[in-house]
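Number of protein chains: 4
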Amino acid sequence: MLTITRDHELDPVLRPVELVERKGIGHPDTLCDRAAEEVSIVLSRYYREHFGAILHHNTDKVLLVGGRAHAAFGHGEVLEPIYLLLSGRATGIADGQHVPVGPLALRHTETWLRETLPHLRLPGDIILDYRIKPSSPDLVALFRRSGAPLANDTSFAVAYSPLSELEQIVLRLEHELNTPALKGRYPQIGEDIKVMGVREGEAIHLTLSVAFVARNTPDMDTYLDVKHALTRLCGEWAAEFTRREIHVAINTADLVDEGCVYLTATGTSAEAGDDGEVGRGNRANGLITPMRPMTLEAAAGKNPVSHVGKVYQVFARRIVDRTRAEIPEIRAAACAMLSRIGSPITEPQSVAIRVDSDLADAALRDPIARIVREVLDDWETVRDGFLERRWGLY
Amino acid sequence: MLTITRDHELDPVLRPVELVERKGIGHPDTLCDRAAEEVSIVLSRYYREHFGAILHHNTDKVLLVGGRAHAAFGHGEVLEPIYLLLSGRATGIADGQHVPVGPLALRHTETWLRETLPHLRLPGDIILDYRIKPSSPDLVALFRRSGAPLANDTSFAVAYSPLSELEQIVLRLEHELNTPALKGRYPQIGEDIKVMGVREGEAIHLTLSVAFVARNTPDMDTYLDVKHALTRLCGEWAAEFTRREIHVAINTADLVDEGCVYLTATGTSAEAGDDGEVGRGNRANGLITPMRPMTLEAAAGKNPVSHVGKVYQVFARRIVDRTRAEIPEIRAAACAMLSRIGSPITEPQSVAIRVDSDLADAALRDPIARIVREVLDDWETVRDGFLERRWGLY
Amino acid sequence: MLTITRDHELDPVLRPVELVERKGIGHPDTLCDRAAEEVSIVLSRYYREHFGAILHHNTDKVLLVGGRAHAAFGHGEVLEPIYLLLSGRATGIADGQHVPVGPLALRHTETWLRETLPHLRLPGDIILDYRIKPSSPDLVALFRRSGAPLANDTSFAVAYSPLSELEQIVLRLEHELNTPALKGRYPQIGEDIKVMGVREGEAIHLTLSVAFVARNTPDMDTYLDVKHALTRLCGEWAAEFTRREIHVAINTADLVDEGCVYLTATGTSAEAGDDGEVGRGNRANGLITPMRPMTLEAAAGKNPVSHVGKVYQVFARRIVDRTRAEIPEIRAAACAMLSRIGSPITEPQSVAIRVDSDLADAALRDPIARIVREVLDDWETVRDGFLERRWGLY
Amino acid sequence: MLTITRDHELDPVLRPVELVERKGIGHPDTLCDRAAEEVSIVLSRYYREHFGAILHHNTDKVLLVGGRAHAAFGHGEVLEPIYLLLSGRATGIADGQHVPVGPLALRHTETWLRETLPHLRLPGDIILDYRIKPSSPDLVALFRRSGAPLANDTSFAVAYSPLSELEQIVLRLEHELNTPALKGRYPQIGEDIKVMGVREGEAIHLTLSVAFVARNTPDMDTYLDVKHALTRLCGEWAAEFTRREIHVAINTADLVDEGCVYLTATGTSAEAGDDGEVGRGNRANGLITPMRPMTLEAAAGKNPVSHVGKVYQVFARRIVDRTRAEIPEIRAAACAMLSRIGSPITEPQSVAIRVDSDLADAALRDPIARIVREVLDDWETVRDGFLERRWGLY
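Chains as they are written, first to last, in this note's numbering: chain A, 735 to 1128; chain B, 735 to 1128; chain C, 735 to 1128; chain D, 735 to 1128.
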């Protein structure tokens, strides 16, 4: 069931207050999302290679328990390791062949952690554990059936386009602060970066929390210099998106006089107490946008074949993106999709599209219906894209 | 900053499709929410009793790893226990006196589990573990300062009133199915009950997943009889809220001919593989409502003093409830609140209220402003209410 | 191969120094032994009841990690729970029926803990966890074969009789201090009691470590009074066995002037740091006797069918006990048995008996050979006795 | 108190049956001993470097829970990782400076595991966890006092010299089979090698259990060839020590016709079910010798300063070694030492020496007394030797 309605208030800029947040790649919640998704990727690849199909798994529950650390200018070390517990279900046997789920998951987790958190010492600073249990063997056949997979649940997904100014700014800032180039220039910057953007009327307030790497920050002057430089840079990056007034503040809880600033040993607050879980941070478009429709479904870690809580997020996003790209008269679009449990994922229970456009209904319906159909029919591209990390999910 | 705007589309019934879900008290995600909140309650009471103030803690991260079980008509048993890991931070020492955080948390968790899941055998069917770590001792003084606490974060909360027909139905169904009275009549019904409501135009489809207790269900006839009776009861309960057409379906994945129906040993799917985490299920009003504004903040387990991700949920709810109660001309109201980190919780960064009303602006502003002020000033009632479980949170 | 040799120095009293130790029932190592053995008992009973035979298991690895506690006169509480991890292998499936190994083990452990450590609060003061893994299903048939089981290993066992004076005293003291009668009279006494006996020539020094229960010990006077009374009692008990000079000292590390004495919340030092493992404490006769031959085999937790590291301990003990009972001219006897892996347990590789007797060889050989044969042939009594805790093992 | 007695039966060769065993470096129990001792070493070095003294710790409790693996000719992999839990107590803070006990322990454990078990894939094939808890801070001063440390316990140690033929053979075989040279020649040989030696009269039976590395063993022919070559080599090595008749048998449980032989993925049986604990395997001289006096004290992991359960093992060994080296007329010697809790470790409660010699008493007493005194006075060499792994301990 496809419904198309008009909505001239899709752009949140029409509201007096707008709130947008992003938890960066080194934030405990984002680390959990990543951990869950990476386990899904490594298992999917293994299943495909060994059994010719991605087999059943859902590894979308991960808990990170923060450690204890000491950080001071020029020196930082973890005193008590972080604890990361992977959990979920995964096919453990197929065709009489056992799958080394635990070793695969643990090995792969360590690999991406090394890249993502270069200041975390491995082994030693984190304990990797898992309690991924075997799925029902009955599911093997189900995952090998030909044709579109059957939706595993009644699930809901949303997407919208374009991003608002503020949304683009928040995404961009975290991205820029985590580029290797910037890290080369400012080795003081850790990976745990949180960007909170609030627009009140015409003023944009960007509040960043940036973990500094103690070892690379010899003294308060360096700290303040870098913070100052970043403040300036963030202002410049933000200005590329807006003409509104921009205020940037970094690490507002610093007490400079007391020498109490945001230093870490590892570049992430997970080292000292901040816990994390999957699905508690960014939505599938990388943002937390409480004024926009959002789904609670955590896409990360779910199986990319039949879990509509994951697959439909990308379907919805592709629909709005193509809608705007192919029908320029549509200024903004939002898509809400609902699956029907047990039906092929290509046959949703409802697809509700809202558009901001002056086009006549007649001019909208057919092209949008065609796009929806094509996106659904192209489900294999979506599925395979997860294995290549082509769709951002957190 | 208080803003009041008009919105005549607050009622989701105006949309062609509406989706509402509730994960019942025995669902793994809800069990995690409960576990987190109960640890906060038992600690808060202990702190108050021993130190005269609720001290710092945030125990809002819990992971439940499902077990393995066998269930057949007339017989059920857990083969591999569920694993529940409590995590977070809590003040471990104050006034030189140590707090038995672990024993308190574990003991209390077992107590409420016994009540909530009477079919779970304790000890044996679940392993309770914890990794709650000590908070910074510096926070003790902060939690003892007089006056309104300082907001610990920039956080966002939403509430709306009234609930739509569908929302009321979904809440009511799960509630009724978990009353002792009904359990007395139908001892076959477990505690893990999920209600999914979809309204498509004028038709309401209620899909329930109800875990049956194998031990109390001797055969297929009993199972089908009870399922049939529940289907009828749910239809009757729903009909009290709506004149729309109602369709009820329970345990749609049953394969009756193959003898494959939803039986459990313990009344919860946690026994066999379903994992859970805090904040992955119901929002603070007990519902998942993807078409409504929602916050991702998990209220459960956060400290009831300064954690605005918890406190503001109740502030916002009280504001809309009183607004509608005291100004009958307001048909519907929604409130979005944003805290200002470091400021007293009574001084939010913004309170944005949308109302559906024909009253003139002048007639709205003052009474609403007064209500907001009074709700904020009454913060101690909100704080203390958490300790008495007065505010539903999940 | 039976060898009988003469040894007139079997009695350790012939040596100038003798050392004997017993770790009481509440000592962390003994708790681990008990935990291992109780899991074996509960599984053995379950297997026998459900499958008609005791199936394969070895649960002889347990780790206890001490907690953290606070104890002062009149008050004691656990601040951080003890952690007990059960481990090993056990048959998880037979005749297509799954065995609830984890729930059985956890439930039963809690049951005996409640009895054995009445001052430990359950739940709360201890976390029970397990990592018992499934045995190979191939072993099911092996454990059901008729006739004498096949020895699982080449293993060595020793026993001797009679106990020396000092050995008897050490056993008796711990026993008396842990009787309900004495606990009724002196509720100050905990369960963690260690008795170390040293005989130097004609002087016997008994050094006891007795955990006091803080809650039941209101002040230093009570502590000293009870300690004094126990010292006197121990002297009296010891005097029943010897005419040697007896010196008793209890809790020698007490610093009375500094108020620093041996108080506990729970009656066991496991509450505050003392860790334990299986096989690190008493040998199968309940004693640690470094001057006597000892085996390192931990009997506790091993399967009572084919594990010669367990079964042979009792065989050897029965042989020496009957030898002395039936041949009064034998003043002392020791037996060392060696199994032959893969052979029936009734066909040892060697049985070496040493006796202190003036009887002629001819008068010794036949009766002893007969006793050995009868003890071996009576293997089912030995096996079944484990399930009834008839043979002390630690 | 020094006592010297004569004993002409010190050599076990005088007994009709002799039993000697060694669990090789890759055996689960030996891995636990090593793990415990290595944590002690890395902590001791850290303490000395940062605080000028080895501070209090006892990390002599470790549990290894075996994994699950698949091995077939030419291929092996771990399906479920091994789990290694380090436990004990260690000083966590001194001079206001925190000690990264967990990271140090985990990092170092991984380092030596990589060397010792080259076929174990790290990370992935093993989960390293720890529950080492902080020692009492009061102990810091105690460990810094000058002069000989005070004995922490009443503890017993034994040593004897020389090793019997059989003892030497058992030690040598395991050693040879684990040399890099032999591994270069036979990459099929894993690290988990158990040698059991039984001498019955004049016949020596050597039964070896040798884990083969599946990946390096393409087929049954290779397996049998290597087994055959090893059998021959072992016979040759053994013949260097004895003129008795030698029988060597390797992997006697092999069922060659059924293709069922001892293959592993990692070279250790820990991969598939064999659990381990500290103190359950070799005594401090590397052997299990049930016919000899043995102490149950696990030396591995104990602090090398004041833990007489560790230190006295080396004292006793040095005493017998020097006694035989310096007094050639002594054919064999054994030493049993008992500490006195609270007294300097240089002042034992008793030192009992037995010698097999024809020398007159007068000729024995003075030189032995001098040796004992010198060994005790040289306690710092013993202490420091532990940090350099100079004394074999398991």
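Even for Gly, the Cβ is constructed at its ideal location relative to N, Cα and C. From a predicted model like this one, the values you see are computed outputs, not experimental measurements.
Local Cβ density within 10 Å of residue i, reported as buried at 16 or more and exposed below that
| i | result |
| --- | --- |
| B:E908 | buried |
| C:H791 | buried |
| A:G758 | buried |
| D:T1029 | buried |
is_contact[residue i, chain B] using C-beta, thresh 9 Å
| i | result |
| --- | --- |
| C:G1076 | no |
| A:A945 | no |
Residue i (DSSP reduced to helix, strand or coil)
| i | result |
| --- | --- |
| B:R802 | strand |
| D:K1044 | helix |
| D:M1028 | coil |
| A:A769 | helix |
| C:I1079 | coil |
| A:Q922 | coil |
| A:I788 | coil |
| A:P868 | strand |
| B:A882 | coil |
| A:V1039 | coil |
| B:F877 | coil |
| D:V830 | The question names Val, but residue 830 of chain D in the sequence shown is Gly. D:G830 falls in the coil class under three-state DSSP. |
| D:R1017 | coil |
| D:L989 | strand |
is_contact[residue i, chain A] using C-beta, thresh 9 Å
| i | result |
| --- | --- |
| D:P837 | yes |
| D:V833 | yes |
| D:E783 | no |
| D:L703 | Nothing can be reported for residue 703 of chain D: it is not among the residues displayed for chain D, which extend from 735 to 1128. |
is_contact[residue i, chain D] using C-beta, thresh 9 Å
| i | result |
| --- | --- |
| C:R802 | yes |
| A:L813 | yes |
| A:D859 | yes |
Alpha-carbon spacing of residue i relative to residue j, whole angstroms
| i | j | result |
| --- | --- | --- |
| B:W971 | B:I984 | 15 Å |
| B:S895 | B:A1018 | 13 Å |
| D:E814 | C:R823 | 14 Å |
| C:I923 | B:A1050 | 56 Å |
| A:G1119 | A:W1125 | 7 Å |
| C:T951 | C:T850 | 20 Å |
| A:F807 | A:V990 | 13 Å |
| B:T739 | B:T941 | 36 Å |
| C:R779 | C:L789 | 10 Å |
Contact with chain C by residue i, beta-carbon distance below 9 Å
| i | result |
| --- | --- |
| B:L862 | yes |
| D:F877 | no |
| B:E772 | no |
Nearest-angstrom beta carbon gap, residue j and residue i [assumed within contact, 8 Å]
| i | j | result |
| --- | --- | --- |
| B:R821 | A:V799 | First, the residue type needs correcting, since residue 821 of chain B is Ser and not Arg in the sequence shown. Right, the Cβ-Cβ distance comes to about 5 Å (below 8 Å), so this counts as a contact. |
| A:D1009 | A:Y996 | The Cβ separation is near 18 Å, so there is no contact. |
| C:L862 | C:L854 | So it is not a contact: roughly 12 Å between Cβ atoms. |
Any non-hydrogen atom of the ligand ATP closer than 8 Å to residue i Cβ
| i | result |
| --- | --- |
| B:S895 | What this structure holds is no ligand at all, so the ligand ATP is not there to describe. |
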